[in-house]
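The listed protein sequences correspond, in order, to chains A and B.
Every letter in the first sequence is one number past the one before it in the working numbering, and letter 150, counting from 1, is 161.
Every letter in the second sequence is one number past the one before it in the working numbering, and letter 212, counting from 1, is 268.
Ideal Cβ positions, reconstructed from N, Cα and C, are used throughout, including at glycine.
First up is the structure itself, then whatever we jot down about it.
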Amino acid sequence: MIEVRGVNKSFGDAHVLKDINVSFQPGNVNLVIGQSGSGKSVLAKCIVGLHEVDSGGILYDGRNFTEMDRYERKEIRKEIGMLFQGSALFDSLTVEQNVMFPLSMFTEMSKEEMRERANFCLDRVNLTNKNHLLPAECSGGMQKRIGIARAIAMNPKYLFCDEPNSGLDPKTSIVIDNLIKEITYEYNMTTIVITHDMNSVIEIGDYIVFIHNGQKWWEGDKSEILTTDNKEINAFVYAADFMQQIKSMLGKR
Amino acid sequence: MKVITNIGKYFIMLRYVFSRPERFKIYKNRIFDEIEIIGLSSIPLVALLSAFMGAVITLQTASNMDSPLLPVETVGFITRQTTILEFSPTVISLILAGKIGSNIASEVGTMRVTEQIDALEIMGVNSLGYLVLPKIIAGVVTFPFIIIISMALSITGGLVAGLQSGLCSQEDYVKGLRYWFSVDDINYALVKTVVFAFIITSVAAFYGYYTKGGALDVGKSSTQAVVYSSIAILLANFVLTQLLLL
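In structure tokens:
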């Protein structure tokens, strides 16, 4: 379980995260939703240690990440996989080398074993025969899938996905969402997805945390988010549902 | 104040750069890659510049020697001293600060803004060690060879220009080259070169690594890397000259 306890984070005068307390459910897909600029990506970066928190703590299965030195953090990070918004694949490495990279850094596997594992992960995300392409030669959806393959290469306990659907068409977004959901259950990972896509909430969200103006505004499961009378959540959900209404209106013609 | 903060950040960065690597084998491969990018790819530019600069030094010296009391051999002597003491180690390093410094800063800066460095950190890789250390080692190892090539080509360019213009004979030029020759001059030049190589690679990596923002900021970091590594080279040149020659 990942626990966030009383986390505060400021950048200069801007107080971005205000006393956030959340417990993310293990073995499930946890969604952090909110409008752009609400602080959800900063929260994710604080959880993985890319930003230092000003106060509060982050606990990975009871281990206090914020109090660890860099060597102890390194060990925790070997248990973390992360899919970045822009995929963050290494430009100079091929698809296969990207997936093999964490294996080559932290395992004693032979080159053949690493290649086998990389191919397994790429097969898992439905990417075959693309091993020798460079990231620049792949589409946005393919890059996301390679990012997922790289994230799961080390069999992580925790998976973080920052805006996994950004820049993708609706069909590819559903493919990526389903992949994240399947992999989470298959490997029994604790997954945290940062998104503002309501379709993802409906498709894959087991547990949802709503961040508004740097504060945790609401948390609950998928069924509750559609029935809550919280004004800010309704405003957020309605904005996305507007597109659904247009779709149903067009269908009636 | 910002300058002092940056100097502090630079030395903290160096501490992480020189911390124990995760995998020596991977670092070894990266060093060979960087030797090719930083060292070998610079040789054509250095060769061209050195040959022409040597030629110009010879022509300028020969055409400005009006006094009949000065022997013609002086042309070879001055070309050698200028080349070995300052042109090859300092001027070529300044030019390489432009070529290699901007290359390193833009490469590392792009990795920063596209979250590739964050990806390394999340994996538990020491991103500074992985990205910067191979560049520093490659620079420090290859620059002395590049500068020796530069010295040889500059002196040869001077000889060709002297002969072709008829301002001095081969015998006079070579005689001048051998006047009061001291191996210490070469050692002095190579010590300077190693220091300059370290400055170029580490300062450029510093500005690239701490880039914030987007593509525009990568461009700014590249410019800053070239400007500040050039200033650092000039300062280090002054200090080293005082220390080594006086």
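Query                                                                                                                                        : Result
Distance CB(residue 224 of chain B)-CB(residue 114 of chain B) smaller than 9 Å                                                              : yes
As assigned by DSSP and simplified to three states, the class of residue 19 of chain A                                                       : strand
Backbone CA spacing between residue 125 of chain B and residue 136 of chain B [nearest angstrom]                                             : 20 Å
Under 9 Å (Cβ pairs) to chain B, residues found in the region 93 to 116 of chain A                                                           : 93, 95, 96, 97, 98, 99, 100, 101, 102, 103, 112, 113, 115 and 116
Assigned secondary structure, residue 230 of chain A (DSSP; H/G/I helix, E/B strand, else coil)                                              : strand
Short-range partners of chain B found in the region 25 to 52 of chain A, where Cβ spacing is below 9 Å                                       : none
Chain-order list of residues whose beta-carbon lies under 6 Å from that of residue 144 of chain A (same chain, five-residue window excluded) : 106
Between the CA atoms of residue 181 of chain A and residue 216 of chain A - distance to the nearest angstrom                                 : 17 Å
Selected residue, minimal CA-CA separation from residue 45 of chain A, among A/133, A/53 and A/162                                           : A/53
For residue 27 of chain A, the three-state DSSP class (helix, strand or coil)                                                                : strand
Beta carbon of residue 90 of chain B nearer than 9 Å to that of residue 155 of chain B                                                       : no
Length of the line joining the Cα atoms of residue 246 of chain A and residue 50 of chain A                                                  : 18 Å
Identified DSSP bridge partners for residue 71 of chain A                                                                                    : A/13 and A/74
Residues bridged to residue 202 of chain A [DSSP beta-bridge criterion]                                                                      : A/40 and A/170
Chain B contact for residue 88 of chain A (CB, 9 Å cutoff)                                                                                   : yes
Contact list for the region 81 to 101 of chain B against chain A, Cβ threshold 9 Å                                                           : 81, 82 and 89
7 Å Cβ cut-off: residues of chain A touching residue 71 of chain B                                                                           : In chain order: nothing, as chain A lies at least about 11 Å away.
Residues that DSSP places opposite residue 222 of chain A in a beta bridge                                                                   : A/227
Residue 299 of chain B, buried or exposed, once every other Cβ within 10 Å from all chains shown has been counted against 16                 : exposed
Test: residue 56 of chain A CB closer than 9 Å to a CB of chain B                                                                            : yes
Nearest residue (CA-CA) to residue 165 of chain B, options B/112, B/262, B/185 and B/132                                                     : B/262
Contained alpha helix (DSSP H) runs [length at least 4] in the region 136 to 185 of chain A, N- to C-terminal order                          : 151 to 163
Nearest neighbour of residue 64 of chain B, chosen from B/259, B/270, B/289 and B/295 [CA to CA]                                             : B/259
Under 8 Å from the C-beta of residue 79 of chain B: neighbouring residues of chain A                                                         : 115 and 116
Whole-angstrom distance between residue 208 of chain A and residue 71 of chain A, CA atom to CA atom                                         : 27 Å
Nearest-angstrom beta carbon gap, residue 173 of chain B and residue 183 of chain B [assumed within contact, 8 Å]                            : 5 Å
Pick from B/132, B/237 and B/95 that is closest to residue 226 of chain B, judged by C-alpha positions                                       : B/132
Reference residue 240 of chain B, options B/198, B/297 and B/127, closest by Cα                                                              : B/297
9 Å Cβ cutoff met for residue 159 of chain A and residue 191 of chain A                                                                      : yes
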